[in-house]
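Following: one structure in C-alpha cells, then a few remarks.
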Amino acid sequence: MDALIASYGDTSSDLESNSQLPIVVSDNRSPPATALPPPPIDLLNPPNTLGTFDYLKRNKGTRIRSFPHIEGNYALHVYIPVFIPSERKKELAQFLKKATSLVPGLHVVDIDVPLLMLLKDEEQLVQAALGREFHISLGRTVPIRVHQIDSVVAMLRQKLQFQKRYLINFNKWEVFVNDDKTRTFLSVESTTGGLTEITKQIQAVNEVYRLHNLPEFYKDPRPHISIAWAVGDISQSLKRVVEGEMKTHLNVGGLPMRCMFMCKFSNVVCKVGNKTYNICGSQGQ
C-alpha cells in the first residue's frame with residue numbers, strides 16, 4: 705500500500721513498527737545471508753490460516769525504496785481504498801493469465817509472488833492477485849518527521865471532511881513506470897466517472913503537502929490502481945499486450961464499450977508508518 709508511490713516506490717518505512725529489520729551478521733565460519741526464493745505454490749493456502757492473502761501478506765520480499773531510510777522518518781501515504789467487485793474478478797484474471805503468458809516477469813502487486821506460479825489454479829489467482837484492498841494514491845509517498853504527523857493528519861481532515869458519495873469507473877488497462885525506472889506496473893485506470901472528484905481530492909492533499917514542504921503530486925494525475933508489477937522498465941512490451949486487449953473493448957467510435965468495474969468512494973486513508981488514520985467518510989447526497 706505506493707503508487708504514484710513516489711511514485712510506485714515502497715510505501716513502507718523501516719520504522720513502520722517503530723523498529724528496524726533484524727541485521728544478519730556473517731563471518732568466516734558461516735556463509736553469507738542470501739535472499740529467500742518465493743514461497744512454493746502449495747503453501748499459498750496453508751492450514752489454520754485465513755487463506756492466500758493471510759499467508760502472502762507475511763511473506764513480502766525486498767522492495768526498492770523510493771527514498772532512503774533515515775532514523776526518525778516515517779513514510780506518509782494518502783489514498784482511497786478500492787476493492788474489486790467479486791463479479792468482475794474472473795474477467796480480470798483472464799487478462800492477467802494472457803499478460804503473464806506473454807510477459808512472464810509479472811508479480812502480484814505488493815508481494816514477491818510471480819503470477820506464473822498462480823496460473824494453474826484460477827481460484828488462487830483470483831484470491832492472491834485480486835482479492836485484497838487496492839488504492840488510488842492522492843499524493844506521493846514521502847518521508848515525514850514525527851513532529852509533522854499530527855499537523856498533516858489534522859489538516860487533511862479539515863480539507864477533506866465534507867465528501868459526498870460518488871462512483872469510480874475503472875475502464876482502461878494501463879502501464880506505468882516509477883520515476884527511477886526500477887519497476888513497471890500493470891494498472892487499471894479511471895478516465896471517466898469519479899475523475900473530477902478524485903482530482904479535487906488530490907488538489908486538497910497537495911495543499912497540505914505544500915504547507916509542510918513536501919513534494920506535491922504529478923501535475924496531470926491519472927487515478928488508477930496497480931494490479932501487478934515487474935522489475936525494471938518493460939513498459940514497451942507490456943503496453944503491446946494492453947493495447948491488444950483494449951482493442952477488444954472498443955466500440956465503433958473508438959471509445960470503451962463499458963467500464964471494467966465500478967466501485968463507490970468510501971473514504972480517504974492516511975497511512976503514516978504502521979499507523980492508519982481514517983481521514984473522512986462519504987456523506988449522503
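For the sequence shown, the tail end lands on 989 under this note's numbering, and the numbers increase by one without skipping. By construction, the Cβ of each residue, glycine as well, lies at the ideal position given by its N, Cα and C atoms.
In the three-state reduction of the DSSP assignment, Asn910 falls in the helix class, which pools H, G and I. Rounded to the nearest whole angstrom, the CA to CA distance from Thr895 to Lys979 is 31 Å. Cβ-Cβ distances below 6 Å link Phe838 to Val786 and Ile929 in the same chain, with the five nearest sequence neighbours on each side left out; the list follows chain order. Per DSSP, reduced to three states, the secondary structure at Met964 is coil, with no helix or strand assignment.
Under the criterion of beta carbons closer than 8 Å, Val846 and Pro919 qualify as touching, at roughly 6 Å. By alpha-carbon distance to Ile840, the top candidate from Glu949, Met964, Ile848 and Pro925 is Pro925. A residue is called buried when at least 16 other Cβ atoms come within 10 angstroms of its Cβ; Arg914 does not meet this threshold and is exposed. Note on Ala908: 16 or more other CB atoms within 10 angstroms of its CB, so buried under the neighbour-count rule. Shown here, Leu899 sits in a helix according to DSSP, grouped into three states.
Scanning Gln798, Leu842, Asn777 and Asn910 for the CA closest to the CA of Glu949 turns up Gln798. When DSSP reads this structure, Val786 sits in a beta bridge with Phe838. In the pairwise beta carbon analysis, the segment 933 to 941 is classified as touching the segment 884 to 893: at least three pairs are separated by under 8 Å. In the pairwise beta carbon analysis, the segment 961 to 970 is classified as touching the segment 872 to 883: at least three pairs are separated by under 8 Å.
When Leu819, Gly835 and Val782 are compared, the shortest CA-CA separation from Glu791 is found for Gly835. In the three-state reduction of the DSSP assignment, Leu810 falls in the coil class, being assigned neither a helical nor a strand state. In this structure Asp854 is exposed. Its beta-carbon is surrounded by fewer than 16 other beta-carbon atoms within 10 angstroms.
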